[in-house]
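To keep things clear, I will list the structure first and then write my remarks on it.
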Amino acid sequence: MFTLSEMLFENHFSHYAPAARLPMNRVLEQYQAVSKIQEIHSVLDALPNVIMILNQQRQLVYCNQALFDLLNIDSPRLILGGRPGEILTCVHACENEAGCGTSEACSTCGAVLALLTGLGGQKNSQECRITVRQGDELVALDLLISATPFELEEQNFVIVQVNNISDEKRRQVLEKIFFHDIINTAGSLRGIVELLGYIKDPHKKQELMQDLEEVSDSLIEEILGQRDLVSAENNELVVQRATVETKELLSKVVDQFAKHPVAQGIALRLSEDAEVCYFQCDPVLLKRIVGNMIKNALEASRPGDIVKVGAARKDQQVEIWVSNSQVMSKQVQLQVFKRSFSTKGKGRGLGTYSMKLLTERYLKGSISFQVSETAGTTFRASFPLEMKE
């Protein structure tokens with residue numbers, strides 16, 4: 020057994036899981052101990068999913084060929100002693116010097132919870148939403164992490180199986196959108212068409228025709244939004260550059276969402292101090308981003324609340340913001356941009372994720388939020404005045 024004096028980061032601050040980890044020479048000893056189980060090699064290498072064996076400090080001491088293939092490496096020495104988030108290049112793995120499991124964001128990570136439960140002696144499975152670095156790009160993954168405890172030479176280990184369920188989660192979200200949101204919109208269309216057959220008053224008919232056009236536009240926009248998101252994730256989305264004027268664009272999006280069902284009982288307004296700014300951007304993608312910002316704010320609001328939208332120039336950037344009076348909880352703040360995370364239940368969670376994906380990967384901007392007990396929650400998307408190729 021190992022003494023505390025051998026530990027690294029023994030007294031280091033952690034937001035969640037214990038920070039202490041073993042030095043490499045001790046990890047190598049554990050690797051050699053596990054490697055002596057000859058039967059384990061062929062069994063684990065035959066499995067298609069990534070398998071890791073971790074020590075009590077959540078450090079890798081053994082893995083199967085699937086992990087080598089995923090990382091495109093051929094030697095375990097390159098990853099021995101690392102924790103899962105560090106090995107998979109999670110964006111939060113290095114936020115705290117003590118590594119994976121110790122940052123503030125790790126407190127909401129399903130993988131860390133599964134590992135801690137497994138190391139506590141109970142088999143456990145958790146879904147994990149993780150954003151990893153692949154070259155210069157950030158990729159969102161949905162993983163199912165299963166942890167099973169076992170003992171070897173009076174030491175506790177955990178066998179971790181990693182299932183990539185990203186495609187399944189995408190399918191669930193798309194099914195939810197098409198079976199719920201789009202069917203509801205299509206139902207509204209049908210209702211308006213039926214009313215047109217009964218109404219004789221020309222003025223009322225004209226109003227219904229306008230409603231019909233707006234609902235049709237909303238339906239098409241919902242479908243195109245999902246198409247663009249799929250293209251964006253597949254790196255197939257083509258950006259169309261044009262000169263955009265902020266106040267005109269924001270007025271159109273505000274008018275569109277003011278009649279949306281989620282805006283019922285909520286005042287949606289263009290801020291009095293919204294500036295007129297000109298910049299290069301893709302107007303279609305920008306409308307998609309602003310629309311998601313507004314919809315997110317409306318869904319978070321309560322009847323009687325006010326949602327405001329504005330824009331301002333900040334040096335060589337144009338900032339577009341959307342604010343609502345509700346205070347986002349800390350737990351939500353830590354997960355808000357993760358794919359598949361939603362406060363609205365299973366099968367949702369693409370709004371804030373798509374905002375970040377389209378803003379940062381395609382429009383070369385940045386998106387963030389601020390939360391205040393007095394001012395509520397404000398999302399801010401910043402874009403360069405000129406888009407580079």
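Just remember that the working numbering sits 19 ahead of the position in the sequence shown, which is counted from 1. Note that the Cβ used here is the ideal one computed from N, Cα and C, for glycine as well.
In this structure, LEU317 places its C-beta atom within 8 Å of the C-beta atom of LEU287.
Less than 8 Å divides the Cβ of LEU227 from the Cβ of LEU214. A buried status is given to ALA39, since no fewer than 16 other beta-carbon atoms sit within 10 Å of its beta-carbon. Contact annotation: the stretch 50 to 65 does not touch the stretch 102 to 111, with fewer than three C-beta pairs closer than 8 Å. Beta-bridge pairing by DSSP links CYS300 to ALA261. Of all C-beta pairs linking the stretch 382 to 392 to the stretch 294 to 312, three or more are shorter than 8 Å, placing the two stretches in contact. At least 8 Å separates the beta-carbon of VAL234 from that of THR262. Beyond the five residues adjoining it in sequence on each side, VAL281 comes within less than 7 Å, by CB distance, of LYS314, LEU317 and GLU318 in the same chain, given in chain order. The C-beta separation of ALA130 from ILE164 comes to about 4 Å, placing the pair in contact by the 8 Å criterion.
The criterion of a C-beta distance shorter than 8 Å is satisfied by VAL80 and LEU73.
Residue state for TYR372 is assigned as helix, using DSSP reduced to three classes. The continuous beta strand (DSSP E) containing THR167 extends over residues 156 to 171. Within the stretch 132 to 158, complete beta strand (DSSP E) segments of at least 3 residues are found at 143 to 153, given in chain order.
With respect to the C-alpha of MET312, the residue from GLN336, PHE298 and PHE276 having the closest C-alpha is PHE276.
Judged by DSSP secondary structure, GLY395 falls within the beta strand (DSSP E) whose first and last residues are 395 to 403. Contact between ARG332 and GLU294 holds: their C-beta atoms lie close to 6 Å from each other, under 8 Å. The stretch 22 to 37 makes contact with the stretch 116 to 132, as at least three CB pairs between them are under 8 Å. Note that the C-beta distance between CYS147 and LEU157 is not below 8 Å. Going by DSSP, GLU213 is part of the alpha helix (DSSP H) stretching over 202 to 217.
Distances from the alpha-carbon of GLN84 to those of ILE98, GLY206, LEU66 and LEU97 put LEU66 closest. Judged by beta-carbon spacing, GLY395 lies within the 8 Å limit of VAL346, meaning their Cβ atoms are closer than that value.
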